[in-house]
Amino acid sequence: MATAPAETDAIAETVRLSRRDGTSPYVVVCDHASNFVPPAFASLGLTKTDLLRHIAWDPGALGVARALSDRLDAPLVESRVSRLVVDCNRALDAPDLVAATSEGTPVPGNSGLSAAARQERIDLAHAPFHRALDALIGERLAEGRQVLVVSVHSFTPVYGGVARPWHVGIVHDDEDRLSAPLLAALRDLPDLTVGDNQPYSPADRVYYTLERHARSRGLACVMIEIRNDEIADEAGQRVWGERLAGMLETIAEQAAGRAADDLPVEGVAHA
Ligand SMILES: [Zn+2]
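Counting along the sequence shown from 1, when you hit position 35 you're at 47 in the numbering used here, and nothing is skipped either side.
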């Protein structure tokens with residue numbers, strides 16, 4: 013609408029919320045969905061090739077997140093701006109909130125950034141992303157709904173010259189309500205190497221979004237990291253989306269069953 017306030021326009025541009033009214037208890041988050049750098053930033057001085065690399069985004073993660081959202085009927089919150097502009101999964105005081113160097117590649121457009129320029133990046137993409145997620149979770153909780161938060165990321169097969177053996181990693185800190193059954197289900201699959209708090213752990217400061225929105229509210233949450241060569245094309249993204257959706261669905265049903273069992277006998281009709 014032409015009369016919409018500027019703030020709403022900014023949110024529409026840099027964060028996308030889909031399936032807002034989804035029936036699932038899950039809320040799916042994709043912090044590093046996009047490698048889009050708004051034209052005003054002149055590609056941050058990087059080449060097109062650099063902007064296609066994992067330093068700019070999590071290749072394949074959005075496809076998996078969308079498949080999960082579709083299959084679970086869960087809302088999806090995605091950032092539509094490259095993490096090199098501002099990293100939505102970093103605290104405001106993190107040194108790599110706006111990375112001047114990413115895996116050995118200098119990012120010219122990010123070096124010597126003034127406080128005002130840094131704040132502009134935050135206002136452009138970081139703040140709207142977290143406002144949207146905060147509002148979504150807040151609304152659902154206010155309606156008395158259960159909320160389980162899942163964030164979807166991808167990682168590069170080789171980092172710092174070292175090959176990573178895991179096909180998928182579950183990052184969860186000491187929060188195990190989703191991670192324990194998810195790890196068990198993944199380990200049941202043949203020919204899959206599964207990382208537990210690998211290839212990152214929350215100590216690597218990669219857990220900000222879940223800390224801020226789920227841990228702070230005592231909500232069960234998990235961060236799923238998929239090696240990006242597994243999800244390089246749509247077929248792979250669909251396979252992983254379906255696979256994880258099936259597992260998460262079962263986990264939510266089992267959790268709901270346990271919650272019902274915990275209720276006082278008079279409080280619930282056991283059919
Ligand atoms: Zn990521």
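Backbone N, C-alpha and C fix where the C-beta goes; we use that ideal spot for every residue, glycine too.
Shown here, I134 sits in a helix according to DSSP, grouped into three states. Listed by position along the chain, the residues with Cβ atoms less than 5 Å from a non-hydrogen atom of ligand 1 are H44, D70, H165.
Contact between the segment 70-85 and the segment 132-143 is absent: fewer than three C-beta pairs spanning the two stretches fall below 8 Å.
For S91, the enclosing beta strand (DSSP E) stretches over residues 88-91.
Note that the C-beta distance between R157 and S81 is not below 7 Å.
Setting aside the 5 residues that flank it on each side, D43 is surrounded in the same chain by S91, C100, N101, T221, each with a C-beta closer than 6 Å to its C-beta; the list follows chain order.
Judged by pairs of C-beta atoms under 8 Å, the segment 146-164 touches the segment 34-50, as three or more such pairs exist. Looking at the backbone, the Cα of V110 and that of D273 are separated by about 47 Å. Non-local beta-carbon contacts of D70 in its own chain, meaning distances under 6 Å to residues more than five positions away in sequence, involve H44, H165, S166 in chain order. For Y220, the enclosing alpha helix (DSSP H) covers residues 220-225.
Proximity to P87 across L58, I243, V161 peaks at V161, based on C-alpha coordinates. Between Y212 and C233, the alpha-carbon positions lie close to 16 Å from each other. Here the segment 167-175 does not lie against the segment 145-155, with fewer than 3 beta-carbon pairs under 8 Å apart. A Cβ-Cβ separation of about 14 Å leaves M259 out of contact with H184 under the 8 Å criterion.
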